[in-house]
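Have a look at the structure below, then the notes.
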Amino acid sequence: MTDVLKAPAPASAPAPRRGTDARTARRRAALEWVAIHSLGVAAALFFVLPFVFVLLTSLMSDNQALTRSLWPHPFEWHNYVTVFHTAGFLTWWKNSLVYAVSGTLLTVVSSVPVAYALAKFRFRGRNTALMLVVATMMLPPQVVIVPMYLFWANQMHLTGTLWPLIIPMAFGDAFTIFLLRQFLVTIPNEYVDAARVDGCGELRTLLRVILPMARPAIAAVALFQFFYCWNDYFGPQIYASENPAAWTLSYGLETFKGAHQTSWNLTMAATMLVMAPVIIVFFFAQKAFVEGVTLTGVKG
């Protein structure tokens, strides 16, 4: 019995190599981190390098532009002053600002009530109305440009101005309505019901309850519309090409390039001045823009 008690215990199984597995996992995680960030840096350079090229070229002299030299020596800051003193440039800037700001305000003001009705009202034909709104997004503007031009030219006599582009925005925009509706659907109906119980009408409910909660989506669609109007080339070319006093920056820049086709430094300086407002607006409103675009796809 004593021998049985003193018998050696059977050899246990070898312990797993936990240290080796942990080092392998850390090495794999490090390689994944390097691969993902390398792709991110490559993508960032792909988008940033053209902008850097335009900026550096705009600061070069006329003889240095488009040569093998990539760094300005010296920096010709007066190129921007020369562009500003070009005949018509300030007029194009003012027209673009009027077109972008008024178009954005009219689009948002006219689209919010429609999106609110499609999201929170229960009425017969609501889904059909939504399908019609989405269907208009699939219709290219080039399809209706001829009858629309004849209407504004022969009936309204507004060609040579930007009014044919600004006035239709007071009747809503399909993409804006759809995007706002997608966001408003995510707002619980209990908020609307509570406001109605407290005696709020539909307009007051929209202004006091819905709009404060829909600020990210409104900011997103406003930025979309501002960028579209600021960069619009097709519309001013169709309706305002006959009147240089109504040109916008996007259309006037083409004329500027034709007048300074050998002065690429001035052309690049004008391009930077056209891009600057869009970059500044997006830089300050980036958080609201990303948040609004993200939240509009949460619920259908």
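If you count by this note's numbering, then the sequence shown holds residues 158 to 457, one letter each, in order.
Here a beta-carbon is modelled for each residue, glycine too, at the ideal position from N, C-alpha and C.
Model, not experiment: these values are computed from the prediction.
Residue i classed as buried or exposed, judged by whether at least 16 other C-beta atoms fall within 10 angstroms
i    : result
F391 : exposed
A374 : buried
I193 : exposed
Q221 : buried
V240 : buried
L206 : exposed
S268 : buried
M429 : buried
T285 : exposed
F155 : Residue 155 lies beyond the range of the chain shown here (158 to 457); nothing can be said about it.
I437 : exposed
L196 : exposed
W404 : buried
F440 : exposed
S253 : buried
F335 : buried
L107 : Since the first residue shown for the chain is 158 and the last is 457, residue 107 is missing from the structure and cannot be characterised.
K277 : buried
K444 : exposed
T534 : Residue 534 cannot be examined here, being either before or after the span of the chain that is shown, 158 to 457.
V303 : exposed
V378 : buried
M313 : exposed
T224 : exposed
Beta-carbon separation (whole angstroms), residue i vs residue j, contact threshold 8 angstroms
i    : j    : result
A397 : L315 : A397 to L315, Cβ: 10 angstroms. No contact.
G329 : V271 : 5 angstroms
L406 : W309 : L406 to W309, Cβ: 22 angstroms. No contact.
R283 : L275 : 6 angstroms
Y256 : C386 : 5 angstroms
A376 : A442 : 6 angstroms
F413 : T243 : 7 angstroms
Opening and closing residue of the alpha helix (DSSP H) in which residue i lies
i    : result
F384 : 372-388
R353 : 346-354
E359 : 359-362
V290 : 283-294
P229 : Element bounds for P229: n/a, residue is neither H nor E.
T224 : No alpha helix (DSSP H) contains T224, which DSSP labels as neither H nor E.
V342 : 331-342
F278 : Per DSSP, F278 belongs to no alpha helix (DSSP H) and is neither H nor E.
A427 : 421-441
N305 : Correcting the residue identity first, residue 305 is Met in this sequence and not Asn. Run containing M305: 302-307, per the alpha helix (DSSP H) assignment.
H235 : 235-241
Q394 : 391-396
I323 : 320-323
Residue nearest to residue i in terms of C-alpha spacing, selected from the options
i    : options                : result
I393 : S195, Y408, W387, A402 : With the sequence shown as reference, residue 393 is identified as Pro, and Ile is not the correct amino acid for it. Checking every option, the nearest Cα to that of P393 belongs to Y408.
L380 : F332, L360, L406       : F332
V266 : L368, D389, M429, N400 : L368
L317 : A272, E399, P345, A186 : Inspection of the sequence shows that residue 317 is occupied by Gly rather than by Leu. Considering only alpha carbons, the answer is E399.
L337 : R180, M370, V354, T248 : M370
F340 : G358, L364, R372, G197 : R372
L287 : L364, V342, W421       : V342
V435 : V354, G358, Q382       : Q382
N236 : R185, M432, V438, W421 : W421
V366 : D389, A376, R353       : R353
P345 : Y273, T248, A403, S195 : Y273
R279 : F413, V349, T181, A200 : V349
A433 : T412, A244, P401, N388 : N388
**Report entry** Contact the segment 245-261 vs the segment 318-331: 3+ CB pairs below 8 angstroms
**Finding:** Touching, per the Cβ criterion.
Report task. Indicate whether the contact test is met: 3 or more Cβ pairs, each with one atom in the segment 210-220 and one in the segment 424-431, closer than 8 angstroms. Result -> Taking a cut-off of 8 angstroms for Cβ pairs, the segment 210-220 and the segment 424-431 touch, as three or more such pairs fall below it.
**Report entry** Touching by the beta-carbon criterion (3+ pairs, under 8 angstroms), the segment 229-237 and the segment 285-298
**Finding:** Too few Cβ pairs lie closer than 8 angstroms, so no.
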